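A short worksheet on the structure shown next.
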Amino acid sequence: MIRPEHLGQRISALVDGELGHAARDRALAHIAHCPSCRAALEEERRVKDRLTAAPAPPASPELTARLRALAEPGDPLPPRERRMPLTPLVPTLPAPGRPRTGRSSRPDGRRDSTRPGSRGTTRRVRYTAAAASAAGLMLVTAFLAGAAPQTPGTPVLPPAAEISVEHAATTSGLPLSDPAFGAVTASFGGLTFPPRASGR
Amino acid sequence: MSRPVLGGGRVGVAGLLAPVALLALLAGSAAGSAPTARPASWGEGAPNDARALLLLGRATQAPATVAYHGVQFVSAWSDTGSTSLVVEVDHRPGHGTTVRSNSTTQAPAADTFLPADGVAPSVIGGSNALERLAGNYTVVLAGRRTVSGRPADLVEARWPGNHRPAARFWLDAATGLVLRREVYDNQGRTTRASAFVEIVVGRASSTQHLPPAMPDAWSDEVDYSDRAAMTSKGWHCPDELPGALDLVDARRGEADGAPILHLSYTDGLATVSLFEQRGRLDADNLDGYQLRDQGGQAVYVRDGMPQRVVWSAHGTVFTLVADAPASTVEDVVAALPHEPIEDEGGWHRLGRGFERVASWFNPFG
């Protein structure tokens, strides 16, 4: 029988779970027959496990000191930046030489209600904003307070290990079931999927 | 590792007689008229193939008489991921099966011994399971193949509706051992596969050391009258679940001093365990689960093989452990009790909130 070529770079992809369905199947079948690839696979897994288990390098004393300094009391937060410029609610001081009355400077003598410096308008906007804020706060408080009461009963955490063993013990007796799946389920709860999908 | 040995297997007299008895039970219809009975909701299927049933019956008996050891891979797939494991399997008839796996990035190394007499509950095992398989699926012989250098008969169990394969078994022509298995969902996608890539038939490994045995199933069996009494006290004990899953075993255990009920269901191919405990789910301390909308219900899911689904409703915590297609699991979850995710609506909640806030300021409340 002609053996396929060795796995080479695909060993790393196999360990990382990056091979597709068919490629993984072929790689596993090859590994079962090829001692050198099997040894390479085990070495790759050992290295990866060591890297995963290795402690993080200690931070330098200077960095530690700087990080600690960050936690000490400091200046207040800078003012928030607004995404859109809003019409100021507090009237700005009139420019020198500009009349301080609320009278309109329009030629027709009518009040200019859109002018930001208008006192009456500002007051109305203030009251409206305050009322809207109070109503909003009231609604939010009522919504939070109106949450459904929590389901009564003792908090229960299902016993994962016992449940796995019990499931395996009762289903491994099924004819045509695979003993390997039962053993894997009983030993460590079955096969769990890595975070990344393998491109199926 | 040794190379595969051709032939060398033995099948005892009992192993030959039992399949014949099974055949009489299961395939009388296959040789002649009507197909084996199956739930009406699954529709009518093609008749089972008598030769395929004979081979499956022989396969169920083979581990009782045939020793073997070898290297096997096991793989599982779902919509969210996949994983594989290579294990060494060593089987001794009458003693049990040792399964050894090396550590991987997803699972630690493990040695497990499955005792021959410790993992076969009388109800779920034996001919009942084959009867269910033949009743719920159409079993046919699909030809001759080769697995790990050994000639094998390929037997298919097909979905009754669309006649796609639900499972394929490659059965060793010489001994009847299952050399390769593949299980598919009803869209034809492989969900689980295992196969020997190296096998020596006729003798077990020379290793004498046995790892710790897998614990037995809980000994407190719950019979029909017990179940009726438990149902009257609020436990949920359905006789069947969607997907033609029949209740085949019920047991009681204990967790943290409180009772836990275990109900086992199977259709002859898929298996589902339903565990029930009194209380409400401590979701904050669940490890490895994701909150998900499954079949319109908010449940905590842990993908893998088996898949796990956990939720609580009406004072009971339900844990589902399933070796079954995802669509079946969704149907099963939907058929069990749930509480509404949201309450009666935003206005009702606001009204209740205003009442509650008012009561805070009411000196007479």
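Going down the list, the protein sequences come from chains A and B.
So that you can map any letter, position 36 of the first sequence is 36 in this note's numbering, and since no number is skipped, the others follow by simple counting.
Position in the second sequence counted from 1, then plus 200, gives you this note's numbering.
C-beta atoms are modelled at their ideal positions from N, C-alpha and C, and glycine is treated no differently.
In this text, all values refer to a predicted model and were calculated from it rather than measured experimentally.
Neighbouring residues, chain A, relative to residue i (Cβ below 7 Å)
i                      : result
residue 462 of chain B : 166
residue 475 of chain B : 158, 163
residue 415 of chain B : 165, 169
Neighbour flag for residue i against chain B, beta carbons, 8 Å
i                      : result
residue 176 of chain A : yes
residue 42 of chain A  : yes
residue 144 of chain A : yes
residue 153 of chain A : yes
residue 135 of chain A : no
residue 184 of chain A : yes
residue 6 of chain A   : no
residue 45 of chain A  : yes
residue 121 of chain A : no
Listed by chain order, chain B residues near residue i by CB distance under 8 Å
i                      : result
residue 33 of chain A  : 397, 398
residue 171 of chain A : 324, 464, 466, 471, 473, 523
residue 28 of chain A  : 273, 275, 284, 286, 397
residue 24 of chain A  : 275, 282, 284
residue 141 of chain A : 553, 557
Test: residue i CB closer than 8 Å to a CB of chain A
i                      : result
residue 515 of chain B : yes
residue 386 of chain B : no
residue 553 of chain B : yes
residue 238 of chain B : Confidence is the limiting factor: at residue 238 of chain B the pLDDT is only 45, short of 50, which leaves the residue's position unreliable and the question unanswerable from this model.
residue 479 of chain B : yes
residue 248 of chain B : no
residue 418 of chain B : yes
residue 532 of chain B : no
residue 315 of chain B : no
residue 510 of chain B : yes
residue 227 of chain B : Only weak support is given to the placement of residue 227 of chain B: the predicted model assigns it a pLDDT of 46, under 50, and the question is left unresolved by the model.
residue 256 of chain B : yes
residue 336 of chain B : no
residue 301 of chain B : yes
Beta-carbon neighbours of residue i, restricted to chain B and to distances below 7 Å
i                      : result
residue 187 of chain A : 310, 312
Proximity winner among the options, relative to residue i (alpha-carbon distances)
i                      : options                    : result
residue 487 of chain B : B/509, B/470, B/472        : B/509
residue 379 of chain B : B/404, B/347, B/402        : B/347
residue 165 of chain A : B/416, B/286, B/249, B/311 : B/416
residue 334 of chain B : B/351, B/352, B/356        : B/356
residue 268 of chain B : B/457, B/292, B/260        : B/292
residue 455 of chain B : B/539, B/375, B/517        : B/517
residue 260 of chain B : B/285, B/375, B/465        : B/375
residue 377 of chain B : B/363, B/353, B/423, B/476 : B/353
residue 452 of chain B : B/467, B/435, B/296        : B/435
residue 297 of chain B : A/183, A/176, A/10         : A/183
residue 361 of chain B : B/386, B/340, B/373        : B/386
residue 503 of chain B : B/530, B/512, B/309, B/463 : B/530
residue 8 of chain A   : A/41, A/32, A/22, A/16     : A/41
Bridge partners - residue i, DSSP secondary structure assignment
i                      : result
residue 449 of chain B : B/464
residue 288 of chain B : B/271, B/300
residue 497 of chain B : B/494
residue 481 of chain B : A/156
residue 342 of chain B : In DSSP, residue 342 of chain B forms no bridge with anything.
residue 393 of chain B : B/275, B/382
residue 502 of chain B : B/508
residue 372 of chain B : B/352
residue 473 of chain B : B/464, B/521
Proximal chain B residues relative to residue i, where beta-carbon distance stays under 9 Å
i                     : result
residue 11 of chain A : Residues of chain B passing the Cβ test: none, with the nearest at roughly 13 Å.
Residue i burial status per 10 Å Cβ neighbour count (16 or more: buried)
i                      : result
residue 561 of chain B : exposed
residue 440 of chain B : exposed
residue 127 of chain A : exposed
residue 388 of chain B : exposed
residue 258 of chain B : buried
residue 241 of chain B : Confidence at residue 241 of chain B is low in this model, with a pLDDT of 43, below 50, so its placement is unreliable and no value can be given for it.
residue 476 of chain B : buried
residue 384 of chain B : buried
residue 432 of chain B : exposed
residue 336 of chain B : buried
residue 171 of chain A : buried
residue 370 of chain B : buried
residue 547 of chain B : exposed
residue 412 of chain B : exposed
residue 525 of chain B : buried
residue 209 of chain A : Residue 209 of chain A lies beyond the range of chain A shown here (1 to 200); nothing can be said about it.
residue 553 of chain B : buried
Interface partners of residue i on chain A, CB under 9 Å
i                      : result
residue 346 of chain B : None at all; the shortest Cβ gap to chain A is about 11 Å.
residue 369 of chain B : 176
residue 262 of chain B : Near residue 262 of chain B there are no residues of chain A at all, since even the closest Cβ is about 10 Å away, more than 9 Å.
Cross-chain neighbours of residue i in chain A, by beta carbon under 8 Å
i                      : result
residue 394 of chain B : 178, 180, 181
residue 297 of chain B : 179, 183
Any non-hydrogen atom of the ligand GDP within 7 Å of residue i CB
i                      : result
residue 332 of chain B : The ligand GDP is not among the ligands present in this structure, which contains no ligands whatsoever.
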